[in-house]
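Taken in order, the sequence shown gives residues 3 to 213; the numbers are from the numbering used here.
Quick reminder that beta carbons are idealized off the backbone N, C-alpha and C, glycines included.
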Amino acid sequence: MCTLLCQITSKKLRPKRNGWKVMKKLKTLLTTTFKGFSGKKFNPRRYLEMADIELEHDREGVHYRLADRVDIVALLAIERDVYNGDIPWTFSHFEHEIVKNDEAFFIVAEISGSVIGFIGTRINHHGQDAHITNLAVFKAFQGQQIASTLIEQLIVLMSALGKNEMTLEVRRDNTKAQGLYRRQGFVTDKLLPEYYEDGADAIWMIKKLKK
Numbered sequence: 003m004c005t006l007l008c009q010i011t012s013k014k015l016r017p018k019r020n021g022w023k024v025m026k027k028l029k030t031l032l033t034t035t036f037k038g039f040s041g042k043k044f045n046p047r048r049y050l051e052m053a054d055i056e057l058e059h060d061r062e063g064v065h066y067r068l069a070d071r072v073d074i075v076a077l078l079a080i081e082r083d084v085y086n087g088d089i090p091w092t093f094s095h096f097e098h099e100i101v102k103n104d105e106a107f108f109i110v111a112e113i114s115g116s117v118i119g120f121i122g123t124r125i126n127h128h129g130q131d132a133h134i135t136n137l138a139v140f141k142a143f144q145g146q147q148i149a150s151t152l153i154e155q156l157i158v159l160m161s162a163l164g165k166n167e168m169t170l171e172v173r174r175d176n177t178k179a180q181g182l183y184r185r186q187g188f189v190t191d192k193l194l195p196e197y198y199e200d201g202a203d204a205i206w207m208i209k210k211l212k213k
């Protein structure tokens, strides 16, 4: 399940001029760190705790880091906000992915110590793909490139790990989310009829990381 409600707000986070240089340095670091890991089981938590990925976007600062168990309450609050009171993923779901599943991890975005968005991923160690499980940002912070940056960091990380592609599914009627993913290079692969519990269709999207 991967759904994002995109709502544009007037406040914008303006990237620093050296933002792309930071991304380039990050990509170089990842490529060097993970050289030789191809085909081996890898626990992304170990790397992210060591490197502590951080990109600064404005004076307030947006910090991107690996999620921990203590963040789950904040993730549930974001879900309630984005899904109008519903929580598609329960505490147990998040706990399993963040704490117990070595093939999954979450990255959170925070401002002044408060988590305002997250993205979840599962890595296929026996194949060459990674799947985005969910992505959400508080409504008050949507439209400020936070979701885009979360996706971009995953793309850099998965490319460095030697993965061939990234996949996700999104509701067919969620055109704003589809637009976000297409801007990040994802394309529609196939339709999944009646994929969700309410009978709604899903679209399976893919981004090739290697040409």
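### Collapsed DSSP secondary structure at residue 211 in the structure displayed
coil
#### Entry: Local Cβ density within 10 Å of residue 108, reported as buried at 16 or more and exposed below that
buried
### Query
Residues bridged to residue 170 by DSSP?
DSSP lists 207 as the beta-bridge partner residues of residue 170.
#### Entry: Classification of residue 101 by the beta-carbon crowding that lies within 10 angstroms, buried from 16 upward
exposed
### Sequence ranges, alpha helix (DSSP H) only - wholly within the stretch 98-175, length at least 4
148-162
#### Entry: For residue 154 and residue 164, the rounded distance between their alpha carbons
16 Å
### Message
Between 63, 152, 133, which has its C-alpha nearest residue 168's C-alpha?
### Response
133
### Which of helix, strand or coil DSSP assigns to residue 37
Because the pLDDT of residue 37 is 45, which lies under 50, any placement of that residue in the model is unreliable, and the question is left without a value.
### Message
Just verifying my parser: in three-state terms, what is the DSSP assignment at residue 73?
### Response
helix
### Message
So the candidates are 152, 197, 166; which of them puts its Cα closest to the Cα of residue 211?
### Response
166
### Query
Is the number of C-beta pairs between the stretch 83-103 and the stretch 177-195 that are closer than 8 Å three or more?
No, they do not touch.
### Query
Beta-carbon separation of residue 124 and residue 105 under 8 Å?
Yes. Within cutoff.
### Message
With the cut-off set at 8 Å, would you say residue 188 and residue 170 are in Cβ contact?
### Response
yes
### Query
Terminal residues of the continuous alpha helix (DSSP H) containing residue 177?
Counting along the chain, the alpha helix (DSSP H) containing residue 177 begins and ends at 177-185.
### Task
Report whether the distance from the Cβ of residue 126 to the nearest heavy atom of the ligand COA is below 7 Å.
The ligand COA is absent from the structure shown, which contains no ligands of any kind.
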